[in-house]
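As given, the protein sequences belong to chains A and B, one line each in that order.
Those letters in the first sequence? Residues 40 to 229, by my numbering.
Those letters in the second sequence? Residues 4 to 213, by my numbering.
For glycine and all other residues, C-beta sits at the position ideal for the given N, C-alpha and C.
I have placed the structure first, in the form of structure tokens, so that the comments after it can refer back to it.
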Amino acid sequence: MGFHPAAGNAGGDPGVKAEAFAALYDAQYPRVFRYLLGRLRNEHTAEELAAEVFAIALASLQKGTQPRQVASWLVGIADHLASRYWRQKKAQEPAVAAPERQAEETDPEELAIGRLESGRLWACVDALSPEHRQVLLLRIVAGLSARDVGEIMNRTEEAVRSMQLRALAALRRVWKEADVHDGLPETPDQ
Amino acid sequence: MTGSQKPQTSETQLERLLGELLEKEGASETDPRVDFAASPEVAELRDTARLLRAASQWVPLPEGRNAVRRALLATAEHGRIGIDPARAAWRRTGRWLGTAGVLTVIIAAFALGVGLLDGLGSPSSPLYGARLELDAARVALVPSALGKAELLVRAAHARVAEIDEMVVSGDMRGMQRAAAALDGEAEWLRQIAATLPPADRQRLQDAVAR
């Protein structure tokens with residue numbers, strides 16, 4: 040989905056039409072927030088960085104940027120900000136409890152996971168290698184296509200498909216091991 | 004497998020299953036006409052992906068989300084240079100803040116707190132309107148109600164000082180602008196204060212009295 044910021048503006052107004060940006064914000068904020076919360080595991084920081092993502096996006100659109108795929112463009116900005124955040128913190132990405140934010144009640148099938156199970160699953164995600172973690176967050180949590188994930192990770196679409204298969208297999212393995220031991224995973228996958 | 008002559012590898016099977024899983028978010032790039040049976044191993048990976056997806060369906064709090072939305076839309080309107088002849092004049096002379104600059108200031112102000120924007124404009128300056136917009140955006144970007152209220156109290160103190168300054172300098176228009184801004188911020192503060200618990204409200208009243 041591309042985005043044409045001045046679409047519908049009358050009289051050659053060069054700015055970003057507020058209504059168009061509002062629609063973009065409403066449609067994409069949950070995706071950006073979820074991705075950032077998955078990366079940062081702190082809802083306040085995720086909210087602050089999500090605000091920064093959209094502020095940067097607005098400034099960029101005001102300058103005439105027309106992204107090919109707006110979702111991946113925004114998540115790409117979020118990815119950059121999250122990486123910068125961890126660099127500035129001089130810390131490893133988290134090995135902490137899952138966010139305690141309530142699940143969105145949209146799909147009963149997907150709600151078959153409790154908070155405890157969710158916490159264990161995120162601990163398993165943390166046990167993956169950074170690349171596996173990133174591909175799963177971009178592909179599954181942010182819901183981007185393999186092609187768009189490839190653009191963010193600087194990989195081909197085929198490489199992303201291969202990586203996501205290995206990442207899911209690794210997650211499945213760690214999850215099963217944690218299940219056998221009825222606890223949290225102890226060692227990183229790679 | 005009806006639409007392709009090539010055998011389905013595990014990777015393409017998984018990609019197709021993930022496409023179906025994520026389809027409702029518009030992320031699927033798979034061809035829905037092609038049907039196939041995935042191997043049990045790949046189906047298991049799909050189930051793992053489904054579990055991860057279910058564990059990440061977090062809902063952003065409406066307060067923070069709406070506050071940011073309001074601030075950004077105000078900025079979007081603010082950035083529509085060309086509607087207001089006065090703004091166009093500023094732009095021509097290169098003295099108007101660019102949108103990116105405005106956003107940078109908003110973000111920096113959000114990160115650094117009160118005080119950064121204080122020198123931007125007095126009520127007699129043409130930049131005063133922009134300064135008020137930035138103050139409002141800064142308040143809107145603070146997630147907590149108490150944080151917003153504290154910023155508004157400090158803004159109100161600044162407006163009172165500006166009114167005094169305008170009276171001393173004899174700038175009646177400047178005084179009116181500062182007074183109008185004070186009215187608006189006081190009303191905003193009143194609305195926020197009404198939502199605070201009694202202890203926080205008392206702290207706020209103490210801060211106003213100082």
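Taking residue i as the query, report the chain A residues whose CB atoms sit under 9 angstroms from its CB, ordered along the chain.
i      : result
W191/B : Under the 9 angstroms cutoff, chain A gives no residues; its nearest Cβ is about 19 angstroms from W191/B.
S172/B : Per Cβ cutoff of 9 angstroms: no residues; S172/B is ~35 angstroms from chain A at best.
Interface residues of chain B around residue i at Cβ under 7 angstroms?
i      : result
L97/A  : L75, T78, A79 and L106
P69/A  : P63
W161/A : A58
A57/A  : L76, A79 and E80
Output the boundary residues of the alpha helix (DSSP H) element that contains residue i.
i      : result
D65/A  : A57 to L79
R186/A : A185 to M192
E168/B : A148 to S172
R126/A : V109 to K128
R178/A : R178/A -> no alpha helix (DSSP H), and no H or E assigned at all.
E44/B  : P43 to A57
W191/B : M175 to A196
Could you name the residues of chain A that residue i contacts, counting a contact when the two beta carbons are closer than 8 angstroms?
i      : result
T51/B  : L207, L210, R211 and W214
R19/B  : Ordered by position in chain A, no residue passes the 8 angstroms Cβ test against R19/B, which lies about 10 angstroms from the chain.
E23/B  : Per Cβ cutoff of 8 angstroms: no residues; E23/B is ~12 angstroms from chain A at best.
R180/B : Under the 8 angstroms cutoff, chain A gives no residues; its nearest Cβ is about 24 angstroms from R180/B.
S13/B  : L204
Below 8 angstroms on the Cβ atoms is my guess for residue i versus residue j; work out the distance and round it to an integer in Å.
i      : j      : result
A152/B : L207/B : 5 angstroms
P146/B : H83/A  : 6 angstroms
R200/A : E47/B  : Contact doesn't hold; Cβ gap of about 17 angstroms is too wide.
L97/A  : L88/A  : That pair is no contact at about 15 angstroms.
A164/B : L185/B : Going by Cβ atoms, the distance from A164/B to L185/B rounds to 11 angstroms, so no, they are not a contact pair.
Taking residue i as the reference, give the member of the options with the closest Cα.
i      : options                           : result
R70/A  : A162/A, V180/A, Q203/A and N193/A : V180/A
E168/B : S127/B, W61/B, L48/B and E44/B    : S127/B
S157/A : D218/A, Y124/A and A90/A          : D218/A
S111/A : A59/A, R178/A, C163/A and A166/A  : R178/A
Q60/B  : L97/A, R73/A and V114/A           : R73/A
R252/A : C163/A, E196/A, N193/A and G182/A : Shown here, chain A extends from 40 to 229; a query on residue 252/A therefore has no answer.
A52/B  : E18/B, A77/B, V170/B and R141/B   : E18/B
G77/A  : E190/A, D118/A and L155/A         : D118/A
A70/B  : A77/B, L144/B and Y131/B          : L144/B
V142/B : A77/B, P200/B, V171/B and A182/B  : A77/B
Y124/A : L207/A, I191/A and E91/A          : E91/A
A94/A  : L75/B, T198/B and Q16/B           : L75/B
A209/A : G189/A, H171/A, E196/A and R186/A : H171/A
R159/A : L120/A, W214/A, A85/A and K56/A   : W214/A
S99/A  : R49/B, D50/B, A79/B and R56/B     : A79/B
L155/B : E190/B, M175/B, P201/B and Q205/B : E190/B
Could you list which residues in chain B have their beta carbon closer than 9 angstroms to that of residue i, in chain order?
i      : result
E86/A  : P63, L64, G67, R68, V71 and P146
A61/A  : R72, L75, L76 and A79
S122/A : Correct list: empty, because the minimum Cβ distance to chain B is about 17 angstroms.
S168/A : By Cβ distance, chain B contributes nothing, its closest Cβ being about 16 angstroms from S168/A, past 9 angstroms.
For a contact meaning CB atoms closer than 7 angstroms, what does residue i contact in chain A?
i      : result
A184/B : Per Cβ cutoff of 7 angstroms: no residues; A184/B is ~22 angstroms from chain A at best.
What residues in the region 202 to 214 of chain A bring their beta carbon closer than 8 angstroms to a beta carbon of chain B?
Q203, L204, L207, A208, L210, R211 and W214
For the region 132 to 164 of chain B, enumerate the residues whose C-beta is nearer than 8 angstroms to any C-beta of chain A, in chain order.
L144 and P146
Determine which residues of the region 170 to 183 of chain A have a Cβ less than 9 angstroms from any Cβ of chain B, and write them out in chain order.
L175, L176, R178, I179, V180, A181, G182 and L183
Any C-beta of chain B within less than 8 angstroms: which residues of the region 108 to 119 of chain A qualify?
A110
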